[in-house]
Each structure stands twice: as structure tokens, then as C-alpha cells.
Amino acid sequence: MEHLVIIGNGIAGITTAKHVRKISDMKITVISAETKYFFSRTALMYIFMGHMKFEHTKPYEDWFWEKNRIELGFGKVTNVNVDENLVCLENGQCITYDKLVVATGSVSNKFGWPGQDLPGVQGLYSYQDLQLLEENVKYTNHAVIVGGGLIGIELAEMLHTRGVKVTFVIRENLYWDNILPKEDAALVSRHIIEHGIELKLATNLKEILSGKNGRVRAITTDKGEEIECQFVGLTPGVSPNISLIKNTKIETNRGVLVNDYLETNIPNVYSAGDCVEFKATKEGERNRFEQLWYTGRMHGEALAKTICGERTKYERGIWFNSAKFFDIEYQTYGFVSNLPRVGEKISYWVHNSNKRSLYLVFKEDTRSLIGINAFGIRLRHEVFEVWIKQNKKIEYVLENLGEANFDPEFFKKYEEEIISKFNEENPGSNLKLKTKHFSVKKFITKISV
Ligand SMILES: Cc1cc2nc3c(=O)[nH]c(=O)nc-3n(C[C@H](O)[C@H](O)[C@H](O)COP(=O)(O)OP(=O)(O)OC[C@H]3O[C@@H](n4cnc5c(N)ncnc54)[C@H](O)[C@@H]3O)c2cc1C
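Given below as C-alpha cells:
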């Protein structure tokens, strides 16, 4: 019987295993050094904030794996030998595979700052990081978080809920303005400050200083400031975890290099999830990284078919993502650049509460929708997916906004405001709301034609 070995039991590795089991009887072993059972990494913050217990973050009961004949190995893989099809663990055990999937995830970035390895300094990625945070918070009245991405803001919220004073040090001019348009970045930055977080913008960490007890006591910045603190959270992004693979014959660059079928340069070795680097297929394109929960799941779904003999290209479809910044939900569909690109036009609406906004990007010539960012308004994924694919014009999108609204009763009052603002800013435009309510029946008929 063929043996599939998967290194990494995150969303990418586990989705691959589950989907292979749906189609095939092959032997499946999943190995991880973090936790024996798969858990939802995105829910780590809720454990810390007391909303959930670790047990609740496991999407499957412990009996599921045995019932589905997915063997779980707990231990660190220290060597992969692709000539002999062998995977060896720290405890000396070696396992032979016929097919191998590398799904080793990411590691938190550290940029060689003096003091970055002091007690009281850490990143937030793994379950072990969460345990360390529980320990570190015991010593902490004032925390500094360095690096303003999605994990940084989660860590700020987590510590804030425990009554810790938080200073958020980021090098950008506004929170996440390397990704978000300045209007959106300003909205989130204001929200962070409203929550009592001290936000230090355009500031770089210089050094982390230790106290008499050997733990962190302060940081210094490139603005000449010294900030007293007992904890430093380093959250300047993540990188593919390829330390295991680097010294093998599997080709790597910043990640494990794969084609669009998630195949590596070694015929029976594949890779999926955060650790992969997709090789560019067209001239002028750059290699791609996809370090998200839902893309990891989609990698696993496509890869399972390829492993079972139905070679399947991974196709991401329309880009989307979502997050929560304290109380404000964020969704993005399609392509929204932080700075408008040539040939793009913007329509922006913000509610006077400063907690809800829509940022729509469309083509100046054809007026077709390219992307949308929504804050504080929940949109229907399936509607935007179709509208962007079908190149719907901005006028159509605005007139039919009700169809895309997830909570029509709650949010419909904003639709009128959004459309009036567009009419005011576009002389000659006299758009009127058409659809007030989402109709599943109508929508299904529409997408099936
Ligand atoms: C705090 C936090 C919040 C997040 N929130 C979101 C969110 O809201 N939305 C979103 O889309 N994404 C979010 N992400 C990102 C998302 O969680 C990741 O993209 C996703 O979990 C990656 O899945 P993966 O299967 O590729 O890898 P991982 O989940 O990292 O799994 C890889 C596993 O492989 C194991 N492993 C690595 N090397 C070895 C080895 N040598 N031997 C044995 N085991 C090994 C690791 O220990 C790990 O358990 C968040 C990430 C973090 C850290």
C-alpha cells in the first residue's frame, strides 16, 4: 500500500490528509512537533482572552483521526532524504514514504535586533508561543509591540484585555499602510488609539535592553526614545519555515519552490501552505507567497487530487481576506492596492462614526470593479466573487449593493448614503438603489446562467 507522509498538521497538511482519505485508501501519516492534534491557529488569541479553551479550537474530535485511518505522529522531523524516501525524527525513528508533503508553515521574523532573544521578548505564532506569553504576561505592566501587521494588532488586543499598557511601534506612517489605502489605514489607526493603545508611527526599533534580572527592561527607537517595558512582542511578519528542507535536494528559495500543481523539483515530493513559494509562470511576474488560512486549505484540496492521480492545478480565484481590528471587521475582495495604480479610479465612503467604510476600486476606462475593502460592513463573499469575475461596472455594483449586504436590515440605511455620495462626486450620475434584499433564489439563478 502506498504511504503518504505529511510534515505539518496545520490547515494545509490536514486538508491534504482529509481529502486524500476521501478519494484513496493509501496509508497516511501526519507528523507535527507543535501539538498532536490539529487546532485553529487563527483562534489562538481567543484562548488567551478567555473566550475559548484550547479544546474548543480543535475542529475535530480526537477520535476522528483513528476512525479515518490518519496516523498522527508527534515529534520533530530533523532529516528528509529524498534519495531513500526517508523522513527521520529527532527521537531517531525513520519513516519510509512513497509520497511526501512538506507543510511546515511559517516562522516569526526577527531582524537581528540587539536583545531580541532576551527573556520577555517573543513572537506569536505557535501554541508554545501562547504558553510563553501566559508566563511573560505575569511580569508585564507595560508591553511594546514591534511591527504593525495582523498578528501585531491581535497581540495588542490580547494584552490590552489583560490590563497591560500597550505601546505599538510601527515603521509605517499609518497602521498597515503598506497594504491598506491611506483612508483605511487612517481609520484603523484612529480605532487603535481609541482603544487606549499608544501608537508610535514611523518609528523603528533600535535595541532591546535588559535589566538587572536579565529580563527585558526597555527598548530604544531610532527617534532617540527609551521606552520602559517588561515585554516586547516582535511581530514584523512571518517567513516560510524551510529550515528542515534547506539542506535537502528539494529546491528552495525563500520558501519551498513549487509550480502551480504544488509539485517540487522532486517527483514524489509536494508542498503546501505558508511554506511554499510559487514560481512565477509569466515573464515580469514575481514568485508568490500565500500565507493565509483559506489559501492553505485550498492548496490542500487541490494537492489531494494530484496525489491521488488526478493532476489538478491550484487556482486561487478572486483574492479575498478578512480580519478583525478590535471591534471593526474588515473584508477585502479582488485587488485593492495601497496606492491607486494607473488607470484605476476610487470611490470612497466613510460613515461619520469613523467605524464603517467602503473603498471601491474600478477601471477608469471600462468602469468595471477591480476590488473592494469594507470596514464595519459585512459583505457577501459569493456576490463579490461573481461581480468581480463578471467585470460588473461600478454603477451596477452600487445600485445593487443590497444584494451584497450580509445584514441588509441592519445596514441598509448606509447604502443610500453611499450611493448619494457617489452621485454628488460624479456629476451627471443619478444612481438609485435597486435591490434592497438579498435573494438566495435570485442569486443562484443568476450565477447559473
Ligand atoms: C496569531 C495568528 C493569527 C492568524 N490569523 C489569521 C486570520 O485571521 N486569517 C488568516 O487567513 N490567516 C491567519 N493567520 C495565518 C494562518 O494561521 C496561517 O496562514 C496558516 O495557519 C498556515 O497553515 P500551514 O498549514 O501552512 O502551517 P502551520 O499552521 O504553521 O502548520 C505547520 C506545522 O508544521 C509543524 N512543523 C514545522 N516543521 C516541522 C518539523 N521539522 N517537524 C515536525 N513538525 C514541523 C509546525 O510545528 C506546525 O505545527 C494567523 C496566524 C497567526 C500566527
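Quick note: the sequence shown, position 70, residue 69 per numbering that gives the first Met the number 0, numbers continuous. Just so you know, even glycine gets a beta-carbon here, dropped at the ideal spot from N, CA and C. Please read these numbers as outputs of a predicted model, since none were measured by experiment.
### Message
For Met157, which residues in the same chain have their Cβ closer than 7 Å to its Cβ, ignoring the five residues on either side in sequence?
### Response
Met44, Phe47, Met48
### Query
How do the region 98–111 and the region 235–245 stand: do at least 3 beta-carbon pairs fall below 8 Å, yes or no?
yes
#### Entry: Presumed contact (8 Å Cβ cut-off) between Ile69 and Val29, rounded CB distance
6 Å
### Task
Note down the Cα distance separating Arg355 from Asn264, rounded to an integer number of angstroms.
47 Å
### Query
Roughly how many angstroms lie between the CA atoms of Ala301 and Lys98, to the nearest whole one?
15 Å
### Task
Identify every residue that forms a DSSP beta bridge with Lys98.
Leu3
#### Entry: Three or more C-beta pairs below 8 Å linking the region 236–252 and the region 161–174
no
### Message
For Asp128 and Thr77, I'd like the C-alpha separation in whole angstroms.
### Response
21 Å
### Query
Should Gly333 and Gly375 be called a contact, given that it needs their Cβ atoms to be closer than 8 Å?
no
### Message
If contact is defined by three or more beta carbon pairs under 8 Å, each pair taking one atom from either stretch, is the region 220–232 in contact with the region 112–124?
### Response
yes
### Query
Are at least three pairs of beta-carbons, each pair with one atom in the region 179–191 and one in the region 330–346, less than 8 Å apart?
yes
### Query
If we call anything under 8 Å between Cβ atoms a contact, is Thr220 one with Leu208?
no
### Task
Express the C-alpha separation of Leu3 and Ser447 in angstroms, rounding to a whole number.
Its pLDDT being 38, under 50, Ser447 is placed unreliably by the model, and the measurement read from it follows with that caveat. Rounded to the nearest angstrom, the two C-alpha atoms are 38 Å apart.
### Task
Identify every residue that forms a DSSP beta bridge with Trp112.
Looking at the DSSP assignment, Trp112 forms no beta bridge with any residue, so it has no partner.
### Task
Return the Cβ separation of Gly401 and Glu416 in integer angstroms, given the expectation that the two are a contact with Cβ distance under 8 Å.
With 8 Å as the limit, Gly401 and Glu416 do not qualify as a contact, their Cβ atoms being about 13 Å apart.
### Message
What would DSSP say about Ile327, mapped onto helix, strand or coil?
### Response
strand
### Coil, strand or helix - Lys445 by DSSP
Low confidence applies here, because Lys445 scores a pLDDT of 41, under 50, leaving its location unreliable; read the following figure in that light. Residue state, collapsed to three classes: helix.
### Task
Within its chain, find whatever has a CB closer than 7 Å to the CB of Ala16; leave out the 5 residues flanking it on each side and keep chain order.
Ile5, Ile27, Val29, Ile69
### Query
On the premise that Asn8 lies in contact with Phe37, defined as a C-beta separation below 8 Å, what is that separation, rounded to the nearest angstrom?
5 Å
### Query
Does Tyr45 have its Cβ less than 8 Å from a Cβ in chain D?
Protein chain content of the structure displayed is limited to a single chain, and chain D is not contained in it.
### Query
Distance, Cα to Cα, Ala155 vs Asn390?
39 Å
### Counterpart residues of Leu208 in DSSP-defined beta bridges
Ala217
### Task
Measure the CB-CB distance between Thr95 and Leu88 and report whether it falls below 8 Å.
no
### Task
Would you please state the rounded distance, in angstroms, between the beta carbons of Gly254 and Val268? I believe it to be under 8 Å.
Incorrect: roughly 14 Å between the Cβ atoms, too far for contact.
### Query
In angstroms, rounded to a whole number, what distance separates the CA positions of Phe442 and Leu131?
Reliability fails at Phe442, whose pLDDT of 45 lies under 50, so the model's placement of it is uncertain and no value is given.
### Message
Excluding the 5 residues flanking Lys445 on each side, which residues of the same chain have their C-beta closer than 7 Å to its C-beta?
### Response
The predicted model places Lys445 with a pLDDT of 41, which falls under 50 and marks its position as unreliable, so this point remains unresolved.
### Query
With distances taken between CB atoms, is the gap from Val198 to Val145 smaller than 8 Å?
Before going further, note that residue 198 is Leu rather than Val in the sequence given. No, they are not a contact pair.
### Rounded straight-line distance, which links the Cα of Leu291 to that of Phe277
14 Å
### Query
Starting from Ser31 and walking both ways along the alpha helix (DSSP H), at which residues does that stretch end?
Per DSSP, Ser31 belongs to no alpha helix (DSSP H); it is in the beta strand (DSSP E), 26–31.
### Element boundaries [alpha helix (DSSP H), containing Tyr124]
It is not in any alpha helix (DSSP H) - Tyr124 carries neither H nor E in the DSSP assignment.
### Task
Assign Gly49 to one of three DSSP states: helix, strand, or coil.
coil
### Beta-carbon spacing of Ala32, Lys75 below 8 Å
yes
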